[in-house]
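Engineer: Below you'll find the structure I mean.
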Amino acid sequence: MASVTLEKLNKVFGHTHIIKDVDLEIGNGEFVVFVGPSGCGKSTLLRLIAGLESITDGELKIAGDVVNDLPPRERGVGMVFQSYALYPHMTVYENMAFGLKLAKTAKETVEQRVMATARILQLEELLERKPKALSGGQRQRVAMGRAMAREPRILLFDEPLSNLDASLRVQMRNEIARLHHRLGSTMVYVTHDQVEAMTLADKIVVLRDGRVEQVGSPQTLYQQPATRFVAGFIGSPTMNFMPAELLSSDSEGCRITAQGLGELALPQNAGGESTGADLTLGVRPEHLRLAEAQGDNAFEIVNVEYLGNEVYVYLEPKAGDTLLIHRSEAPSRWEIGQRVALVPELEHVHLFDAADRALGLAGQRQAA
Amino acid sequence: MNPYQLMKLAKRVGLYALIAVVLVYAVFPFYYAVITSLKPSSELFRVDFWLSSVDLGNYVQIFTQKSFVRAIFNSIVISLSVVAIALLLGITASYALGRVRFRGRTTVMLTILGVSMFPQVAVLSGLFEVIRTLNLYNNPGGLILSYTIFTLPFTVWVLTTFMRQLPMELEEAAIMDGATPWVTITRVFLPLMWPAMATTGLLAFIAAWNEFLFALTFTLTDDQRTVPVAIALISGGSQHELPWGPIMAASVTVTVPLVVLVMIFQRRIVSGLTAGAVKG
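Here's what the structure looks like:
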């Protein structure tokens, strides 16, 4: 167990700048998830920590010591790969014991550690099997066992669940979460799936184009996204965005007009913006209410999805626009083809400026 | 029988007829050699397609010749050495060429391929000088050296292709487990590369086993000869008589080990040779 500190970390491949000035503090025993769209550099960042890629610039510290030039085996990190990468010719036991044997651990200690790890991961029955005789979930557990057997200070996961089917993924996600509670070890986890990020993380790091977009707890990211990108990335179905225009602002908040919604008085501080500025209004699907159409402010319902416990209603502001989503508990009285009015819950809406930064609430300092 | 069934039957008959033709074409020379080797010399020039009686006189004759037995021994030592050296160098080279990123990797690969394009005769005199300088003339070492030169390009190419197909994450997992490149090669990659190694090893063995030109040029005395040369130098009672019986017996004797080896490894050869095409 150890903390990890990234200071102005940079990685350049040839002419491509993959990781740009990443600063990050990972606390002892914390579960940190790197999330972002493909190509955002999240896997590269993990590989920099693992030592599989060299650091172009900046400092990486583990437990306070700079480890930039240490090979992976001396960093005390274990890694679980996306494809598991189990050694096909070795049994489960040999797979888990390989690293310990290479470290010239005494034979009894090797056995003790492998058995202890196998017990935690419920692999005791499978120790004599080869990887090809295991199911996907079992392989996944062996891959975790191999990384854990050497008792690394930090466990790294590179999209470990993306090769599993949906139900197994939920189950393994649960097991990883329980494992973290039980071991209390520092874990860094990479995923492109925001649900995994939300459910597992103590701290989520949203990456975009090699930069840290926002760091925070799942709750912070959901409730106070710092940018439009984070707002759109976290949460499913995604947040609705609507173009808006600033009418006026004062110390209490601001007044805007958004197409189809009319004039709204919002609690956000728009003091830095000039009247008439282009803003973006963001409303999560569950923070919209539908009402009978009145006048011009009507949206057409183009699709209704029934999911059992809840209903998604898709609305079209006007032909060709991005659809808006409304989420409510089932049953729903709305039908395709109806025209309805939209009423956002004003205390829950988000407002973004022209540079896609979130505007803070009036009376607070503006969020970065 | 309706026309459709007739067509199907005709097609099937045609297919088997074609297979028979190919089989006869490929196997007949070898078959005739076996037959000839089992005939006494008096019946040698009577054309028979079937064997009426078995006469092992030719085999007795070649195996009582000390130089022939010695030649078989030489061939085994040389061929096995070539296979061992070629595989060792091939595996390590393929790791470098398949896994390590360095400037000029493609150039090295193309150079290796280029070397194998020269006909043997072209390098014969140069190689002769090399062997003389290294003091390997009339010595198994000279043949091992020259065969390895011609075997390595193929070995390196096939093994490199195979090595590239092993997942990158496997090597990274080994690195995370604290493996050095040598440990990764010997304990992670080697066990996975047996099909490719069986293929290349066998082909290297066959090439070394059957090679004639270098073996003739770089050896002088009977006790250093390899089998192909020994067979060519089997002489009859007079200079006007070619002793076909013993020659055939010797040829069959040295071909049998190859056939057995191919039979043993045939599955691996197929999986090794197609490894480049689909998936490892």
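Residue numbers (my numbering), protein chains in the order written: chain Y, 3 to 370; chain E, 150 to 429. Cβ coordinates follow ideal geometry from the N, Cα and C atoms, glycine included.
(1) Can you name the residues of chain C whose CB is closer than 9 Å to the CB of residue 321/E?
(2) Could you tell me if residue 305/Y is buried or exposed, where buried requires 16 or more neighbouring beta carbons within 10 angstroms of its beta carbon?
(3) Distance cutoff 9 Å, beta carbons only. Does residue 133/Y sit that close to anything in chain E?
(4) Based on Cα-Cα distance, which residue from 280/Y, 22/Y, 39/Y and 350/Y lies nearest to residue 59/Y?
(5) Below 8 Å on the Cβ atoms is my guess for residue 229/Y versus residue 359/Y; work out the distance and round it to an integer in Å.
(6) Counting only runs of 3+ residues fully inside the region 202 to 264 of chain Y, write out the beta strand (DSSP E) ranges in chain order.
(7) Pick helix, strand or coil for residue 13/Y, following the three-state DSSP scheme.
(8) Take residue 32/Y as the anchor and find which of 8/Y, 156/Y, 95/Y and 20/Y has the nearest alpha-carbon.
(9) Could you check if residue 397/E is buried or exposed, using at least 16 other CB atoms within 10 Å of its CB as the buried criterion?
(10) Are the region 209 to 225 of chain Y and the region 251 to 265 of chain Y in contact at 8 Å, needing three or more beta carbon pairs?
(11) Count the other CB atoms, across all protein chains shown, that sit within 10 Å of the CB of residue 352/Y; report buried if there are 16 or more and exposed otherwise.
(12) Residue 260/E: buried (16+ other C-beta within 10 angstroms of its C-beta) or exposed?
(13) Does any residue of chain Y bring its CB to less than 9 Å from the CB of residue 252/E?
(14) Any C-beta of chain E sitting closer than 9 Å to the C-beta of residue 162/Y?
(15) Got a sec? Which residues, its chain only, sit under 6 Å from residue 207/E by beta carbon, not counting five neighbours each side?
(16) Please confirm if residue 337/E has its CB atom under 9 Å from at least one CB of chain Y.
(17) Can you tell me which of 105/Y, 340/Y, 274/Y and 103/Y puts its alpha carbon nearest to the alpha carbon of residue 357/Y?
(18) Please name the residue, chosen from 109/Y, 97/Y, 114/Y and 180/Y, that lies closest to residue 141/Y on a Cα-to-Cα basis.
(19) What are the start and end residues of each continuous beta strand (DSSP E) run of 3 or more residues lying completely inside the region 40 to 108 of chain Y, in chain order?
(20) Would you mind sorting residue 270/Y into buried or exposed? The rule is 16 or more other CB atoms within 10 Å of its CB.
(21) Against chain Y, with Cβ distances strictly below 9 Å, would residue 326/E count as a contact?
(22) May I ask you to report which of helix, strand or coil DSSP gives residue 383/E?
(23) Please classify residue 1/Y: does DSSP put it in a helix, a strand, or coil?
(24) Could you tell me whether any Cβ in chain Y is nearer than 9 Å to the Cβ of residue 318/E?
(25) Could you give the residue range of the alpha helix (DSSP H) that holds residue 327/Y?
(26) Assuming residue 157/E is part of the beta strand (DSSP E), what are its boundary residues?
(27) Mind the definition here: the region 276 to 286 of chain E touches the region 339 to 354 of chain E only if three or more C-beta pairs lie below 8 Å; say whether that holds.
(28) At a CB-CB cut-off below 8 Å, which residues of chain E make contact with residue 138/Y?
(29) Along the chain, which unbroken stretches of the alpha helix (DSSP H) at least 4 residues long are found entirely within the region 282 to 352 of chain Y?
(30) Label residue 426/E either buried or exposed according to how many other C-beta atoms from any shown protein chain fall within 10 Å of its C-beta, with 16 as the threshold for buried.
(31) Does the CB of residue 297/Y have a neighbour CB from chain E at under 9 Å?
(32) I'd like to know if residue 427/E contacts chain Y, where contact means its C-beta is closer than 9 Å to some C-beta of that chain.
(33) Tell me where the beta strand (DSSP E) around residue 34/Y begins and ends.
Structural biologist: In brief:
(1) Of the chains in the structure shown, none is chain C; the protein chains are Y and E.
(2) exposed
(3) no
(4) 22/Y
(5) 6 Å
(6) 205 to 210, 213 to 218, 242 to 252 and 255 to 260
(7) strand
(8) 156/Y
(9) buried
(10) no
(11) buried
(12) exposed
(13) no
(14) no
(15) 186, 394, 395 and 398
(16) yes
(17) 274/Y
(18) 97/Y
(19) 59 to 64 and 79 to 82
(20) buried
(21) yes
(22) coil
(23) For residue 1/Y there is no data in the structure shown, the boundaries of chain Y being 3 and 370.
(24) yes
(25) Taken as a continuous stretch (DSSP letters only), residue 327/Y belongs to no alpha helix (DSSP H), being part of the beta strand (DSSP E) at 326 to 331.
(26) Here residue 157/E belongs to no beta strand (DSSP E); instead the alpha helix (DSSP H) covers 152 to 186.
(27) no
(28) The contacting residues do not exist; residue 138/Y stays about 16 Å from chain E at best.
(29) none
(30) Any answer about residue 426/E is weak, because its pLDDT of 43 lies below 50 and its placement is not dependable; what the coordinates show is given next. Flag for residue 426/E reads exposed.
(31) no
(32) Reliability of the predicted coordinates at residue 427/E is poor, the pLDDT of 41 falling under 50, and the value obtained from them is presented with this limitation in mind. Residue 427/E does not count as touching chain Y.
(33) 33 to 37
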